[in-house]
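**Q** Numbering (the working numbering), first residue to last: 27 to 243. Ideal placement from N, C-alpha and C gives every residue a C-beta, glycine not left out. Owing to the predicted nature of the structure, the values given are computational and were not obtained by experimental measurement.
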Amino acid sequence: MIMKTKKKLLGYYDYTVVLTYGGMLFAFCGILKAIGGRYQDAVFCLLLAGICDMFDGAVAATKNRMEREKRFGIQIDSLSDLISFGVLPGIFVYMISDGNALIGVIAGGFVLCALIRLAYFNVLEEDRQRETKEKRKSYLGVPVTTIAVFLPALYFLYDRKLCKNIFYFPVLLILMGAGYLLPVEIRKPGLPGKLGILLLGVLEAVGMIFLIGWDAL
Numbered sequence: 027m028i029m030k031t032k033k034k035l036l037g038y039y040d041y042t043v044v045l046t047y048g049g050m051l052f053a054f055c056g057i058l059k060a061i062g063g064r065y066q067d068a069v070f071c072l073l074l075a076g077i078c079d080m081f082d083g084a085v086a087a088t089k090n091r092m093e094r095e096k097r098f099g100i101q102i103d104s105l106s107d108l109i110s111f112g113v114l115p116g117i118f119v120y121m122i123s124d125g126n127a128l129i130g131v132i133a134g135g136f137v138l139c140a141l142i143r144l145a146y147f148n149v150l151e152e153d154r155q156r157e158t159k160e161k162r163k164s165y166l167g168v169p170v171t172t173i174a175v176f177l178p179a180l181y182f183l184y185d186r187k188l189c190k191n192i193f194y195f196p197v198l199l200i201l202m203g204a205g206y207l208l209p210v211e212i213r214k215p216g217l218p219g220k221l222g223i224l225l226l227g228v229l230e231a232v233g234m235i236f237l238i239g240w241d242a243l
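Encoded structure:
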C-alpha cells in the first residue's frame with residue numbers, strides 16, 4: 027500500500043525568505059514604473075529592493091535550516107537578484123533612453139552579465155558550503171546589488187542637470203557589467219559597511235523626494 031503524503035505549495039515560505047520575496051516584488055513594481063515612464067518611482071523601487079537584499083542573508087542566518095532550505099535560499103536569492111539588479115536596471119536605462127536600439131543591445135548585454143555572474147556565484151557558493159560552515163568573507167567580482175546605489179545616484183544627478191547627457195546611463199551599465207565578470211576579490215562589508223550603504227540609500231531617497239519632488243506625495 028502506497029502512503030500518501032500531505033500536499034503543500036512548492037517552495038518555502040518562512041520568515042527567512044520574506045525579504046527575498048519582497049525585494050523581487052519591489053523590483054517588479056519598478057519595472058512596471060519604468061515602462062510607464064515613472065522613472066523616479068522605478069529608482070525608488072530599486073533602492074527598496076537593494077535594502078531587502080542587503081539584509082536577507084542576515085535574516086536567513088538566524089534560523090537553523092535544513093540542507094535543502096539552504097540550497098533553495100541560494101537559488102531564490104540569485105533569481106530575485108537577476109530581476110532586481112539585472113532586468114530592472116536594463117529596462118530602466120532602455121526606457122529612459124527612448125527605446126534607442128543600440129542602448130537596448132547594451133542593456134541586454136548588461137542583463138546577460140548579471141545572469142552569468144549570479145549563476146557562477148551559485149556554483150561557487152554551493153561548493154563553499156559543502157567545504158566549510160564559515161560565513162562568506164569576500165565576493166569574486168562586483169556584487170550585482172551595487173547597481174542599486176549607482177543608478178539612483180546617477181538619476182539624481184541627471185534630474186538635477188548635473189549630468190545632462192542620457193548616454194551616462196548606458197556607460198554605467200557597461201562599467202557595471204564588466205565589473206560583474208572581472209575576477210576581482212572584494213571583501214564583504216560588515217555591519218558598519220552595510221549601515222553606511224543603507225544611509226547612502228536613505229539620503230538618495232530623501233534627495234529624490236525633497237529636491238526632485240514626488241507625484242505620490
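With a CB to CB cut of under 7 Å and the five nearest residues on each side skipped, what residues in its chain are close to Y38?
**A** E95, F98
**Q** By DSSP, does L105 sit in helix, in strand, or in coil?
**A** helix
**Q** Expressed to the nearest angstrom, what Euclidean distance is found between the alpha-carbon atoms of I20 and F147?
**A** Residue 20 cannot be examined here, being either before or after the span of the chain that is shown, 27 to 243.
**Q** According to DSSP, is E173 part of a helix, a strand, or is it coil?
**A** Reading off the sequence shown, one finds Ile at residue 173, where the question assumed Glu. Residue state, collapsed to three classes: helix.
**Q** Please state whether DSSP places Y165 in a helix, a strand or coil.
**A** strand
**Q** When DSSP labels each residue in this structure, what does I192 get in the three-state scheme?
**A** coil
**Q** Need the endpoints of the beta strand (DSSP E) that R213 sits in, please.
**A** 211-213
**Q** Thinking I122 and F176 are a contact (beta carbons under 8 Å), I'd like their distance in whole angstroms, please.
**A** 15 Å between Cβ atoms; not a contact.
**Q** Leaving out five residues on either side along the sequence, give the residues of the same chain with a beta carbon under 8 Å from the beta carbon of I61.
**A** I117, M121
**Q** Kindly indicate which three-state DSSP category D40 falls into: helix, strand or coil?
**A** coil
**Q** Could you check whether the Cβ of F136 sits closer than 7 Å to any heavy atom belonging to the ligand ATP?
**A** Because no ligand of any kind appears in the structure shown, any question about the ligand ATP cannot be addressed here.
**Q** Where do the N-terminal and C-terminal ends of the alpha helix (DSSP H) with F81 fall, by residue?
**A** 65-86
**Q** Are there three or more Cβ pairs, one per stretch, closer than 8 Å when the stretch 46-66 is compared with the stretch 134-143?
**A** no
**Q** Report yes if the C-beta distance between G203 and G135 is below 8 Å; otherwise report no.
**A** Judged by beta-carbon spacing, G135 lies within the 8 Å limit of G203, meaning their Cβ atoms are closer than that value.
**Q** Entirely within the stretch 88-153 and at least 4 residues each: give me those alpha helix (DSSP H) ranges in chain order.
**A** 93-108, 114-122
**Q** Would you kindly work out how many angstroms separate the C-alpha atoms of A133 and T88, rounded to a whole number?
**A** 37 Å
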